[in-house]
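A short worksheet on the structure shown next.
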Amino acid sequence: MTTLTPILSENWDRTDSYTLDGYRETGGYQALRKALDTDPDAIVDQVKQAGLRGRGGAGFPTGMKWGFLPDDNPKPRYLVVNADESEPGTCKDVPLMLANPHVLLEGVAIAAYAIRSHQAFIYVRGEVLHVVRRLRQAVAEAYEAGIFGNDVLGSGFDLEVVVHAGAGAYICGEETALLDSLEGYRGQPRLKPPFPAVAGLYASPTVVNNVESIASVPGIVANGTEWFTAMGTEKSAGFGFFSLSGHVARPGQYEAPLGITLRELLDMAGGMRPGHELKFWTPGGSSTPIFTDEHLDTPLDFESVGQAGSMLGTRALQLFDETTCVVRAVGRWIAFYAHESCGKCTPCREGNYWMVQVLDRLERGEGTEADIDKLLDICDNLLGRAFCALGDGAASPVMSSIKYFRQEYVDHYEQGGCPFDHSRSTLWGDRVTTTGGNQ
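Take the position in the sequence shown, starting the count at 1, then add 53; the result is the number in the working numbering.
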């Protein structure tokens, strides 16, 4: 039985966990002191050897990304933390920044030192102003303590850190769109190559990492690579937050080794809500192909989830029971993607719009058998043809839901509308006495 690994969340139950004093009482910033006495290249090598992979969705090796910065470029280097958490179902970075912002800031200082950057930016989703305030408070504490600014902790290393609030666009979670937004432009993905490591912020070498990726660095520096690789699997080392939401008894963030299964996590979370069974779930947020109860024992690591036909993504486990209409759930996700599409490329802009129309038509009972093939045709024109990953992400839940629940789509047009009573899937659904579909 796999057990939880409360590392980043270890001090969350302290009332002062977000303060500098509270963080220092649990050993905070000792890893930074250790790093400042180490050669920067040695830290990059240590992160590579630990096998830390990006925790923002793609799972790209963090140390390898750091190593891509060209040595012969005279321009300044930048570190950018992607805190634009906006994926439906993803709720790991926001609670981490609220409860333990200094572990992120310590990771920022170590990462900046390792890549020889003297300027770091933390780009935060615009809607979560309470997080922006918490981070800025923590940054101010760090400056006052000599952790940021000139001569960091007497090491001779200088570092300036800026917390930047975005304007709330989901597309800015894409790293190059984030950089455009940070520069003051409309957030739209850039053509790659060149990649940010070569020409990123202000056309300078830039590393863009997720909040959880950077926050995992202090533990590696403090405890060593063997400590980190002892958790997780051979190719997916370490730990991570698994965000359980939906029809689960105890939703929340569960910090566990990669490779844990949903069955194990569900046992820890008290199972599904009483009297109901799991129908389908997302292993990595709404932009990943859905799974069913057949995948309860799939190890939640990058390789195993990929082999099973989905992606680990942000480990946003949205759980739905048998009262949920899969067509309606997918329709709500696609409506989100249609709204958040930046409009730069035709496949994403038009494809998502038309998928919304078709899914709505099925929900209203105005669909036909041809609509299922139409949805698959639109997805085929989205996959690999959009300018960024948003197009692929939108196609994934549609294609996978038709794969596993095609009959449910058929029922919508054969029965003249949605056969589900939507009120049954709510928190108070068991108290509803009305009958009939689409209440």
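All residues carry an ideal CB built from backbone N, CA and C; glycine is no exception.
As the structure is a computational prediction, the values presented were derived from the model and not from experiment.
- Per the coordinates, the alpha-carbon of Ser476 lies some 58 Å from the alpha-carbon of Phe210.
- Less than 7 Å divides the Cβ of Ile431 from the Cβ of Met408.
- Cβ-Cβ distances below 7 Å link Val379 to Phe333, Ser454, Phe458, Glu461 in the same chain, with the five nearest sequence neighbours on each side left out; the list follows chain order.
- Looking at the backbone, the Cα of Thr282 and that of Lys118 are separated by about 19 Å.
- Restricted to the segment 161–239, the alpha helix (DSSP H) segments that are unbroken, complete and at least 4 residues in length are 182–197, 228–235, listed in chain order.
- Taking Gly359 as reference, the option from Ser289, Gly324, Gly396 with the minimal CA-CA separation is Ser289.
- In the three-state DSSP reduction, Ser257 falls in the coil class, being neither helix nor strand.
- Annotation for Glu308: the continuous beta strand (DSSP E) segment containing it runs 305–310.
- Between Gly285 and Gly312, the C-beta gap is smaller than 7 Å, which places the two residues in contact.
- If you look at Gln371, you'll find it isn't in any alpha helix (DSSP H); it sits in the beta strand (DSSP E) that goes 369–374.
- Between Pro258 and Ala250, the C-beta spacing is below 7 Å.
- Here Gly437 is exposed. Its C-beta has fewer than 16 other C-beta atoms within 10 Å.
- By the 16-neighbour rule on beta-carbons within 10 angstroms, Asp137 is buried.
- The segment 152–170 makes contact with the segment 178–192: 3 or more CB pairs, one atom from each, lie closer than 8 Å.
- Beyond the five residues adjoining it in sequence on each side, Asn262 comes within less than 8 Å, by CB distance, of Gly107, Gly109, Thr115, Lys118, Leu132, Val133, Val134, Asn135, Ala164 in the same chain, given in chain order.
- In this structure, the alpha-carbon of Ala88 lies about 31 Å from that of Glu356.
- Runs of the beta strand (DSSP E) lying entirely within the segment 333–397 and spanning at least 3 residues, in chain order: 369–374.
- Residue nearest to Phe248 within the set Arg239, Ile267, Glu227 is Glu227 (criterion: CA-CA distance).
- Remark: C-beta atoms of Gly338 and Gly142 approach each other more closely than 7 Å.
- Per DSSP, reduced to three states, the secondary structure at Gly109 is coil, with no helix or strand assignment.
- Excluding residues up to 5 positions away in sequence, nothing lies with its Cβ nearer than 6 Å to the Cβ of Tyr255 in the same chain.
- Within the DSSP bridge table, the entry for Val133 names Phe174, Val261 as partners.
- Between Met364 and the set Phe373, Asn64, Arg381, Phe344, the nearest pair of CA atoms involves Phe344.
- The C-alpha of Asp464 lies about 39 Å from the C-alpha of Val147.
- Distances from the alpha-carbon of Gly277 to those of Leu105, Asp69, Trp481 put Leu105 closest.
- Ile387 and Ala447 do touch by the CB rule: their CB atoms are close to 6 Å apart, below 8 Å.
- In the DSSP annotation of this structure, the continuous segment of the beta strand (DSSP E) that includes Ser298 starts and ends at 292–299.
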